[in-house]
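First comes the structure, then the notes that go with it.
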Amino acid sequence: MKESFFRTILGDKPISEMGLTYAHEHIIIDDCYVTAGHPEFLLNDSKKITDELQNFYTAGGRTVIDTMPVNAGRNPILSAEVSQKSDVNIVVPTGIHLEIYYPKNHWRYNLTEDQLTDLFIADIEEGIDKHDYSSPIIERTNHKAGLIKLATGNEKFTKHQEKIFRAVVNTHLATGAPILTHTNFGNQALEQALLFEKLGAKLEHVVLSHVDRNKDLNYQKSVLDTGVKIEYDSAFRWKKDDKNWTFFFLEELLEKYPNQITLGMDMAKSAYWKSYEGGPGLTYLIDTIPKFLKSKGLSAYYQKIFFDNPKELFSFF
Ligand SMILES: [Zn+2]
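The following block contains the structure:
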């Protein structure tokens, strides 16, 4: 049998080459509507990004899952360049982000479910448009998308969001590409999982992000009980006078749900990057998680969180 693969910006690789993986990152956010409103999100300095990725590689990191979907700052040429220079595998998504990151009259609202599906499939099977769908002329690169993203907010899903869900699951089933979502502070995570299940998605290839922002342990369990994977990325974000909820959930949940938890940094602001003179920097998890796990007698789960779970999740099926 052919070994499973994951789809990086530089081509398909066997999952044995995935190595230590961060499951929710922002490596490139180029000039776009998002950065016009949020200049602090701009991440397009090739040298600085390469430096940070090289440090990640030196610390043992091998793969990062980038999470900016269509028309929200992708630059496949730049992603390929920093991957080549740093030797870090980068997986770049297709799919669509939160409504706030697009103008009110954006084409996302007018395209049909089938048209969106076709667009996402083309990103995965043909190559990402050089202009990231910001121009009427589409010029596909040979850099393909390796996952599909969607995002919901705090409220019950809208009809528009349900259309996106269907297009994302259609793409997932047609291509075998994995799915990653944004949840707002963990809200609607259970509803996301249940809708994916209803639409027939393969839940072992679906990951819901930022779920550790919801402080309810029972809620975490009910999401995990659906079989979906989750991603935590707030370990470094909790204020000093609060509990580190991310660490608390790891301690409470790893033994019962060893195959479903992944970690990331979600460093969407340049202020989090060491190479942009900020912190804590991309190596933070590699530097802190092994010590934390050891202190709790949970070292055996290091392999699960950073290697085995991302492999199962981000491989094509
Ligand atoms: Zn993010």
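Residue numbers (our numbering): 47 to 363. Backbone N, C-alpha and C define an ideal beta-carbon position, used for all residues, glycine too.
For residue i, the nearest candidate out of the options (CA to CA)
i	options	result
residue 51	351, 159, 222	222
residue 283	92, 184, 300, 326	326
residue 211	176, 184, 158	158
residue 302	285, 266, 333	266
residue 274	125, 92, 252	252
residue 80	249, 315, 339	315
residue 65	109, 298, 78, 102	109
residue 224	192, 129, 334	192
residue 156	133, 140, 205, 138	205
residue 208	186, 145, 149, 121	145
residue 203	234, 214, 195	234
residue 334	287, 311, 184	311
residue 350	49, 299, 76	299
residue 161	232, 271, 70, 213	213
residue 296	336, 236, 53	336
residue 329	174, 103, 255	103
residue 318	88, 174, 143, 119	88
residue 24	286, 306, 256	Nothing about residue 24 can be reported from this structure: the residues present for the chain run from 47 to 363 only.
residue 139	231, 119, 147, 151	119
residue 186	278, 122, 332, 340	122
residue 198	276, 143, 77	143
residue 381	84, 77, 67	Any property of residue 381 remains undetermined from this structure, which presents the chain solely from 47 to 363.
residue 62	100, 73, 85, 135	135
residue 276	236, 287, 285	236
residue 182	117, 362, 321, 106	117
residue 132	141, 280, 92	92
residue 249	100, 309, 101, 360	360
residue 347	74, 313, 309, 82	309
Contact test: residue i Cβ vs ligand 1 heavy atom, cutoff 7 Å
i	result
residue 217	no
residue 312	yes
residue 113	yes
residue 70	yes
residue 84	no
residue 228	yes
Limits of the beta strand (DSSP E) - the one that residue i falls within
i	result
residue 66	66-71
residue 83	From DSSP, residue 83 is part of no beta strand (DSSP E) but of the alpha helix (DSSP H) over 79-83.
residue 108	107-112
For residue i, the residue or residues it bridges with in DSSP
i	result
residue 54	57
residue 193	139
residue 255	228, 277
residue 186	175
residue 75	89
Where the alpha helix (DSSP H) containing residue i begins and where it ends
i	result
residue 134	Looking at the DSSP string, residue 134 is not in any alpha helix (DSSP H), and its letter there is neither H nor E.
residue 307	That residue, residue 307, is in no alpha helix (DSSP H); its beta strand (DSSP E) goes 307-309.
residue 351	Here residue 351 belongs to no alpha helix (DSSP H), and DSSP marks it neither H nor E.
residue 88	That residue, residue 88, is in no alpha helix (DSSP H); it is neither H nor E in DSSP.
residue 146	No alpha helix (DSSP H) holds residue 146; DSSP gives it neither H nor E.
residue 218	205-221
Any non-hydrogen atom of ligand 3 within 7 Å of residue i CB
i	result
residue 215	This structure lacks ligand 3; the ligands present are ligand 1.
_With three or more beta-carbon pairs closer than 8 Å as the criterion, would you say the stretch 253-262 touches the stretch 288-308?_
Flag = yes, the stretch 253-262 and the stretch 288-308 touch.
*Count the CB pairs spanning the stretch 57-74 and the stretch 236-244 that are closer than 8 Å, and state whether there are at least three.*
Short answer: they don't touch.
*Do the stretch 153-170 and the stretch 96-108 make contact, defined as three or more Cβ pairs closer than 8 Å?*
No, the stretch 153-170 does not touch the stretch 96-108.
*asked:* With three or more C-beta pairs closer than 8 Å as the rule, is the stretch 345-356 touching the stretch 118-136?
replied: Not touching, per the Cβ criterion.
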